[in-house]
Structures are given as C-alpha cells and as structure tokens.
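Residue numbers are given in our numbering: position 35 of the sequence shown equals residue 35, and the series is strictly consecutive.
Think of the CB as a built atom: it goes at the ideal place given N, C-alpha and C, for glycine as much as any other residue.
Have a look at the structure below before the remarks.
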Amino acid sequence: MASRINGAKATLATDSTLMFWCPGCDEAHGVRVNGPNPWTWNGSLESPTLSPSVLVRGGHYLPGHSRTCWCTYDWEGREPSFQCKQCHSFVRDGKIEFLSDCSHGLAGQTVELPEWK
Ligand SMILES: [Zn+2]
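Here you go:
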C-alpha cells in the first residue's frame, strides 16, 4: 500500500454522537455511541466499525407513512424539492457497506468512507 496515513473518517460531534459522511446520501449520519442503547463502536476515527447496522429513513420510508407523499406530489411539472430516502448500511473497518434496501445509487455496494472534513 502506497499510503499508510489515513485521515479521520468520523468525528465525535458530542460526547455521545459519532458522525460520518455517507457517500450514498451525500450527507452526514450520526449514531449514539454512549448513553442508553448505544451502538458498539471500536473507538477508531480512522477506521471506524459500528454495530449494529445504521438505518436512516425519511418521508414515506418511515413506518406508518401513507403511500402518497410530497416526493410524488405533482408540482405541475416542476421538480419536487423533497426526496424521500432510506439508507441502510454497515460501517466496518472504515468502509461502508450499503444494503440492497437503500434508495440511493450505492445500494448493494461497499465503498470507502470519505475523510471527515
Ligand atoms: Zn446514507
């Protein structure tokens, strides 16, 4: 391997929330690693591993939401400004493994977590 120096791929936003950048959603996700029912975290910011999986849902992917949604509402030809999503992943050894039930384009793929900036 040419490079042995890795930047941090996650950050502790507070005492209890570990944040990482999700390349599927192009936004940060955070999980609680302290307090009640925390995720198990290996303590590494360079090569984080989290357990169990991380599930982020919005809009009509939330349980109990009706099938009609802002994201499919007919805005008279204009692009809806709201997109519903589901993101389900395992973070292991600094990589993020997207499960096939993600709504974004990286579903089913494993990619390197980007450096936290
Ligand atoms: Zn995501």
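Tell whether a beta-carbon distance below 8 Å holds between residue i and residue j.
| i | j | result |
| --- | --- | --- |
| Q86 | S103 | yes |
| G59 | C84 | yes |
| F20 | L113 | yes |
| P48 | V111 | no |
| V119 | C25 | Residue 119 falls outside the range modelled here, since the chain spans only 1 to 117, and no answer is possible. |
| S51 | W70 | no |
Can you give me the start and stop residues for the beta strand (DSSP E) that residue i sits inside?
| i | result |
| --- | --- |
| Q83 | No beta strand (DSSP E) contains Q83, which DSSP labels as neither H nor E. |
| H29 | E27 to R32 |
| K95 | K95 to F98 |
| A10 | A10 to L12 |
Using DSSP with H/G/I as helix, E/B as strand and the rest coil, what is residue i?
| i | result |
| --- | --- |
| G58 | strand |
| C71 | helix |
| E115 | coil |
| C87 | strand |
| C22 | strand |
| S103 | coil |
| L45 | coil |
| S66 | coil |
| S118 | Lying before the first or after the last residue shown, residue 118 is absent from the chain, which here runs from 1 to 117. |
To the nearest whole angstrom, what separates the beta carbons of residue i and residue j, a pair I think is in contact under 8 Å?
| i | j | result |
| --- | --- | --- |
| V120 | L18 | For residue 120 there is no data in the structure shown, the boundaries of the chain being 1 and 117. |
| G43 | S16 | The Cβ separation is near 14 Å, so there is no contact. |
| E115 | A8 | 7 Å |
- prompt: Among all residues, which have a Cβ less than 6 Å from at least one non-hydrogen atom of ligand 1, and in what chain order do they fall?
  reply: C22, G24, C25, H29, V56 and C87
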